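Chains S and Z supply the protein sequences, listed in that same order.
Quick note on numbering: the first sequence equals residues 283 to 756 in my numbering.
Quick note on numbering: the second sequence equals residues 17 to 552 in my numbering.
We put the CB at the ideal spot given by N, CA and C, even for glycine.
All values reported here derive from a predicted model rather than from experimental measurement.
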Amino acid sequence: MQAMLILPELVLIATVLVLFAASLKKIKGTTLTVIALAGTFLTLVATVLSISASGTIFAGAYQVDTLSQLIKFLLGGGLFLIFVMCRDLSGIEEEMQNEFFFFLSLSTLGLMMMSSAVELLTILVCLEISSYALYVVISFRKGEGRRTEVEAGIKYVLFGAAATGISLFGISYIFGLTHSTYLVDISAQLPNLIQHQSMAVIGMVLMLCSFFYKLAMFPMHAWTPDIYQGASNETTTFIATLPKVGAAALLIRLISMTGPGVTEFTWVLVVLAVLSMSFGNLAALVQDDIKRLLAYSSIAHAGYMMIGLLSGNQLGMAAVIYYIAGYVLMNLACFVVIYYIAPRGENITFEDLKGLYRRSPILAFTLAAGAFGMAGIPPTVGFTGKFVIFTAALEKGFYGLVVIAMVNAAVSAFYYLKLVRAVYCQGEEGAVEKIELGIGVKVFGFFLIAAIILVGIMPQGLMSMADQAVAALL
Amino acid sequence: MHMEKYLILNTLSYPVLSLIMLVPLVGALISLVIKNETYLKILGLLVTLLTLVLSLPLFTCFDLHTAKYQFAELRAWFPLLKLHYVVGVDGISVLLVLLTTFIMPFCILCSWRYIKKRMGEFIFVTLVMEAAMIGVFISLNTVLFYICWEAMLIPMFLLIAVWGGARKDYASIKFFLYTLCGSIFLLVAIVALYIKTGTFFIPALMDQEFSFAYQMWIFLACALAFAIKIPMYPLHTWLPAAHVEAPTAGSVILASILLKMGGYGFLRFCLPMAPAATIYCMPYLIALSLISIIFGGYLALGQTDIKKLIAYSSVGHMGFVTLGIFLLNDQGLKGAILQMINHGITTGGLFIMVGMIYERTHSREIADNSALGMVMPIYVTFLGIFCLSSLAFPGTNSFVGEFLVLFGAFKKSVVVGFLAIPGAILAAAYMLRLLQRMVWADSDGHAHHHDEAVGDGHAHKLDDLSFRELSMVVVLAIFVFWIGLYPAPLLNIMDASVTHLLHQISVGGSVVPVDPHSGHQALLELGNWCKQMMTF
Numbered sequence: 283m284q285a286m287l288i289l290p291e292l293v294l295i296a297t298v299l300v301l302f303a304a305s306l307k308k309i310k311g312t313t314l315t316v317i318a319l320a321g322t323f324l325t326l327v328a329t330v331l332s333i334s335a336s337g338t339i340f341a342g343a344y345q346v347d348t349l350s351q352l353i354k355f356l357l358g359g360g361l362f363l364i365f366v367m368c369r370d371l372s373g374i375e376e377e378m379q380n381e382f383f384f385f386l387s388l389s390t391l392g393l394m395m396m397s398s399a400v401e402l403l404t405i406l407v408c409l410e411i412s413s414y415a416l417y418v419v420i421s422f423r424k425g426e427g428r429r430t431e432v433e434a435g436i437k438y439v440l441f442g443a444a445a446t447g448i449s450l451f452g453i454s455y456i457f458g459l460t461h462s463t464y465l466v467d468i469s470a471q472l473p474n475l476i477q478h479q480s481m482a483v484i485g486m487v488l489m490l491c492s493f494f495y496k497l498a499m500f501p502m503h504a505w506t507p508d509i510y511q512g513a514s515n516e517t518t519t520f521i522a523t524l525p526k527v528g529a530a531a532l533l534i535r536l537i538s539m540t541g542p543g544v545t546e547f548t549w550v551l552v553v554l555a556v557l558s559m560s561f562g563n564l565a566a567l568v569q570d571d572i573k574r575l576l577a578y579s580s581i582a583h584a585g586y587m588m589i590g591l592l593s594g595n596q597l598g599m600a601a602v603i604y605y606i607a608g609y610v611l612m613n614l615a616c617f618v619v620i621y622y623i624a625p626r627g628e629n630i631t632f633e634d635l636k637g638l639y640r641r642s643p644i645l646a647f648t649l650a651a652g653a654f655g656m657a658g659i660p661p662t663v664g665f666t667g668k669f670v671i672f673t674a675a676l677e678k679g680f681y682g683l684v685v686i687a688m689v690n691a692a693v694s695a696f697y698y699l700k701l702v703r704a705v706y707c708q709g710e711e712g713a714v715e716k717i718e719l720g721i722g723v724k725v726f727g728f729f730l731i732a733a734i735i736l737v738g739i740m741p742q743g744l745m746s747m748a749d750q751a752v753a754a755l756l
Numbered sequence: 017m018h019m020e021k022y023l024i025l026n027t028l029s030y031p032v033l034s035l036i037m038l039v040p041l042v043g044a045l046i047s048l049v050i051k052n053e054t055y056l057k058i059l060g061l062l063v064t065l066l067t068l069v070l071s072l073p074l075f076t077c078f079d080l081h082t083a084k085y086q087f088a089e090l091r092a093w094f095p096l097l098k099l100h101y102v103v104g105v106d107g108i109s110v111l112l113v114l115l116t117t118f119i120m121p122f123c124i125l126c127s128w129r130y131i132k133k134r135m136g137e138f139i140f141v142t143l144v145m146e147a148a149m150i151g152v153f154i155s156l157n158t159v160l161f162y163i164c165w166e167a168m169l170i171p172m173f174l175l176i177a178v179w180g181g182a183r184k185d186y187a188s189i190k191f192f193l194y195t196l197c198g199s200i201f202l203l204v205a206i207v208a209l210y211i212k213t214g215t216f217f218i219p220a221l222m223d224q225e226f227s228f229a230y231q232m233w234i235f236l237a238c239a240l241a242f243a244i245k246i247p248m249y250p251l252h253t254w255l256p257a258a259h260v261e262a263p264t265a266g267s268v269i270l271a272s273i274l275l276k277m278g279g280y281g282f283l284r285f286c287l288p289m290a291p292a293a294t295i296y297c298m299p300y301l302i303a304l305s306l307i308s309i310i311f312g313g314y315l316a317l318g319q320t321d322i323k324k325l326i327a328y329s330s331v332g333h334m335g336f337v338t339l340g341i342f343l344l345n346d347q348g349l350k351g352a353i354l355q356m357i358n359h360g361i362t363t364g365g366l367f368i369m370v371g372m373i374y375e376r377t378h379s380r381e382i383a384d385n386s387a388l389g390m391v392m393p394i395y396v397t398f399l400g401i402f403c404l405s406s407l408a409f410p411g412t413n414s415f416v417g418e419f420l421v422l423f424g425a426f427k428k429s430v431v432v433g434f435l436a437i438p439g440a441i442l443a444a445a446y447m448l449r450l451l452q453r454m455v456w457a458d459s460d461g462h463a464h465h466h467d468e469a470v471g472d473g474h475a476h477k478l479d480d481l482s483f484r485e486l487s488m489v490v491v492l493a494i495f496v497f498w499i500g501l502y503p504a505p506l507l508n509i510m511d512a513s514v515t516h517l518l519h520q521i522s523v524g525g526s527v528v529p530v531d532p533h534s535g536h537q538a539l540l541e542l543g544n545w546c547k548q549m550m551t552f
């Protein structure tokens with residue numbers, strides 16, 4: 283019954299194939315939407331069913347454990363939510379809508395496989411599956427000139443290819459030092475190597491570059507603002523959420539191999555985390571395009587997550603899973619607003635947000651929940667995530683780092699507050715055009731608000747699962 | 017971990033503390049679906065009154081003979097971090113909870129006509145605010161405390177930013193960022209305490225014996241957050257901006273309840289958890305309190321805007337509170353706690369009075385609101401009562417509090433006592449000046465004729481207080497005189513807890529030796545100098 287182990291992947295592959303067939307038949311409209319939603323919903327159900335599966339297949343290269351199953355659940359749920367949110371595809375070229383669903387499902391498949399991969403080359407192949415699908419999708423944006431989206435697409439390819447190259451270079455170092463590409467073998471030797479061989483530190487840092495790239499982590503962050511701005515709102519929603527979940531899972535696997543000790547490698551990560559947070563937050567302060575603002579804020583959030591990762595203890599790693607789950611919810615809350623404010627798929631600025639509470643109270647509240655969550659104000663999931671991450675880092679004695687992170691959180695509060703102020707406190711005069719929303723969108727908004735608050739004040743369920751997931755690794 | 021030994025579990029027929037936190041939240045949710053403005057206001061009033069009624073047993077059933085935490089509730093919350101949902105009140109926090117539930121109906125009533133737009137959101141925000149404020153005072157767990165402490169920022173920010181005056185953007189963001197920056201180190205301290213002791217439970221944290229250097233860090237990290245909130249010179253600059261721009265209800269919440277959280281934080285965190293550091297830092301904090309008292313009073317003397325005047329007077333009054341707290345003797349602490357309650361009632365009353373006159377003349381300048389005695393006799397009567405209370409006139413509530421603090425100060429040191437006296441004189445000066453201008457006339461003797469054209473040319477007559485307004489100020493005035501003439505019930509409630517707190521400080525402060533070589537040499541010399549001055 284080995285096939286049952288990879289049930290979610292199989293269901294998603296079937297969905298991908300059906301979508302591929304549908305694209306050959308040029309199926310459009312409601313039928314297409316139903317196929318995409320049904321396929322991803324079944325995937326979600328499959329991830330729930332196989333949440334407690336465990337085992338190793340494909341000659342030890344593919345491991346199904348609590349971590350991978352939890353991440354697959356987050357990916358499946360995230361993809362379903364994104365398809366529910368963007369089902370009209372108002373920002374995508376008419377003839378590309380079929381391929382949009384197809385490629386995003388394919389990319390998610392790559393991410394799901396990546397969360398189970400425990401062999402370096404397998405990891406790399408899964409990473410490329412997820413990346414290549416995205417390279418194509420970015421330039422699907424509807425528009426006259428098509429210049430920015432093609433520019434964005436090419437930038438994403440070039441940065442992605444460079445990141446993969448650097449990673450391969452790092453893998454070659456690691457392989458040279460350990461004579462294996464299996465994580466099991468590497469993790470047995472790595473803690474010792476890291477302490478005595480600076481080559482191992484360099485190799486590890488280079489190898490992680492691909493995942494830094496996916497997570498939008500300094501120094502592989504440069505693509506983020508342009509891609510967020512250039513890609514359609516639907517694609518950006520995907521790029522801002524799911525690849526980061528996959529990258530976080532892999533970073534947990536790879537960094538946990540280096541052992542619990544504080545080494546040179548840890549200090550490299552500390553420096554990267556500080557730069558990522560500070561650069562992201564400072565740059566976000568002056569943005570006017572909301573998607574660019576969220577891009578810079580995602581660089582900052584990568585820094586917060588890195589604090590949990592580099593703490594290297596069980597609590598920190600578990601907190602990263604919790605944080606990334608919350609981050610998906612908060613990002614969706616922001617992007618659902620962007621998506622429905624811009625019916626023709628254009629980018630929005632602070633000007634468009636003014637007086638949103640009069641145009642659509644539910645969208646305004648959703649954005650406020652997302653923004654306050656990302657700022658880390660209780661009682662939201664963003665606060666609880668930061669709180670647990672900082673607790674883990676302080677356990678390791680990183681007092682200075684946590685203070686820097688907290689100062690960063692205070693700086694970031696300013697631009698998140700600017701969002702809330704534009705929505706609630708400006709544009710009170712004059713006639714406004716109400717935004718007509720279907721009941722589905724309203725329910726979606728309420729779901730996100732409730733999730734952001736409830737997961738925040740009752741973190742035990744998700745955190746204990748995340749705790750189990752990382753317990754096996756350490 | 018034996019948490020029960022610090023608690024007396026709730027024996028009332030309903031979980032009183034959780035309920036008074038939940039009722040406003042449920043009310044807030046209901047307010048989302050109501051569209052009619054009048055119904056919304058009635059809903060807000062009913063919910064706040066219901067909360068008040070539900071909280072009354074805290075006063076009547078309070079056990080005066082114990083310093084344990086009463087009406088406590090204990091539930092598992094986040095086992096992974098050994099985090100419990102635990103709430104309870106002692107003699108200090110019960111008074112502040114009651115103050116909160118008592119003041120909130122006034123916040124709805126004073127907004128009856130003042131708030132002209134977005135009533136639904138106003139009620140929502142106010143009720144959420146009430147729940148968060150009650151949460152701060154009842155939580156016995158540092159995390160729940162911090163969550164409520166921070167959650168308050170959102171509704172308060174919105175109160176100022178949506179319904180505020182001309183410079184609301186500036187004031188609201190300044191308020192938010194100032195307070196947020198203060199709480200950063202509070203969170204670090206909370207987590208650091210957890211890592212050191214393995215618990216978030218406040219009473220258990222009070223029983224630890226930390227090294228002196230560790231206590232210093234904890235004390236400084238917490239004191240920064242609380243000194244910003246209370247606010248203490250030189251961290252007070254957010255207060256006048258926020259007070260002036262906030263709507264009446266916002267000013268009342270800020271003055272009556274929010275500022276008290278700073279004082280409460282000192283009493284709950286700094287003093288019992290870091291007693292040695294408290295004793296060590298006492299001279300500086302007394303010095304800062306004295307500066308706050310005199311500086312606040314001096315600035316209030318120069319204001320032409322009534323709200324700004326009251327805002328600066330709050331800095332002075334809260335200076336008396338911190339002075340009383342850091343005198344670390346029985347009279348000082350009791351005076352400080354009583355003064356927190358008094359300031360809540362009196363300054364709340366003053367802000368409500370300012371709101372009333374602003375609704376009529378659309379100006380907060382003293383010059384535009386002068387010589388009201390002829391046209392609004394009832395209004396100026398109550399204004400007089402609150403002004404006299406604010407300057408601690410004998411027979412009013414503030415007299416008792418301020419007297420206790422000054423008594424404690426003289427007991428500690430004659431110098432401190434004499435330095436605090438000018439603050440009381442300044443208070444008399446600026447309040448009587450305000451009263452004189454508003455009741456009688458301008459300084460040059462000319463009275464405005466309010467019955468004629470005012471300001472923009474619209475002739476409008478100044479009506480005296482309506483029934484709604486009168487009922488508010490009468491209730492507040494009753495409390496002004498009740499506490500002024502018979503403060504015993506309040507002092508009895510806090511007695512056991514204050515004694516226990518002093519015991520904690522004297523025991524904790526004597527066990528851990530002050531280490532003069534732990535890197536605070538310059539501070540130490542300054543401290544010795546201050547101590548010499550104080551033993552004079």
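Could you spell out the range, first to last residue, of the alpha helix (DSSP H) harbouring residue i?
i                : result
Ala88 (chain Z)  : Segment Tyr85 to Phe94 is the beta strand (DSSP E) holding Ala88 (chain Z); no alpha helix (DSSP H) there.
Ile382 (chain Z) : Careful: Ile382 (chain Z) lies outside any alpha helix (DSSP H) and carries neither H nor E.
Tyr455 (chain S) : Arg429 to Thr460
Return the residue from the list the options that minimises the CA-CA distance to residue i.
i                : options                                   : result
Leu490 (chain S) : S:Pro507, S:Thr523, S:Ser454 and S:Glu516 : S:Ser454
Tyr186 (chain Z) : Z:Ile139, Z:Ala167, Z:Ala257 and Z:Leu125 : Z:Ala257
Ile785 (chain S) : S:Ser492, S:Val293 and S:Val693           : For chain S, the structure presents residues 283 to 756; residue 785 (chain S) sits outside this window and is missing.
Just the Cα atoms here: how many angstroms apart are residue i and residue j?
i                : j                : result
Glu225 (chain Z) : Gly524 (chain Z) : 7 Å
Ala399 (chain S) : Ser350 (chain S) : 9 Å
Leu492 (chain Z) : Arg183 (chain Z) : 30 Å
Gly417 (chain Z) : Val331 (chain Z) : 16 Å
Glu715 (chain S) : Leu326 (chain S) : 37 Å
Gly585 (chain S) : Leu597 (chain S) : 17 Å
Ser387 (chain S) : Ser421 (chain S) : 17 Å
Ile411 (chain S) : Arg626 (chain S) : 30 Å
Phe457 (chain S) : Leu497 (chain S) : 24 Å
Ser308 (chain Z) : Ile322 (chain Z) : 19 Å
Ala443 (chain Z) : Leu275 (chain Z) : 19 Å
Met502 (chain S) : Arg380 (chain Z) : 55 Å
Apart from the five residues just before and just after residue i, which ones in its own chain have a Cβ nearer than 6 Å to its Cβ?
i                : result
Gly461 (chain Z) : Since pLDDT at Gly461 (chain Z) reaches only 47, below the 50 mark, its modelled position is unreliable, and no value is offered.
Ser406 (chain Z) : Thr362 and Met447
Leu255 (chain Z) : Pro247 and Ala327
Keeping to the same chain, check which residues put their C-beta closer than 7 Å to that of residue i; ignore five residues upstream and five downstream.
i                : result
Asn445 (chain Z) : Here residue 445 (chain Z) turns out to be Ala, not Asn, going by the sequence shown. Excluding positions up to five away in sequence, the list reads Leu317.
Phe355 (chain S) : Thr329, Val330 and Ile333
State the start and end residues of the unbroken beta strand (DSSP E) segment that holds residue i.
i               : result
Leu99 (chain Z) : Leu99 to Val105
Leu23 (chain Z) : Leu23 to Leu25
Among residues of its own chain, excluding the 5 on either side of residue i, which ones have a beta-carbon nearer than 8 Å to its beta-carbon?
i                : result
Pro661 (chain S) : Ile735, Gly738 and Ile739
Thr545 (chain S) : Ile476, Gln477 and Val483
Could you tell me which uninterrupted alpha helix (DSSP H) segments, each at least 4 residues in length, are contained entirely in the region 357-405 of chain S, listed from first to last along the chain? Fully enclosed alpha helix (DSSP H) runs of 4 or longer: 379-398.
Please give me, in chain order, every unbroken run of the alpha helix (DSSP H) with length at least 4 that falls completely inside the region 148-182 of chain Z. If we require 4 residues or more, the alpha helix (DSSP H) runs fully inside the region 148-182 of chain Z come out as 158-167 and 169-179.
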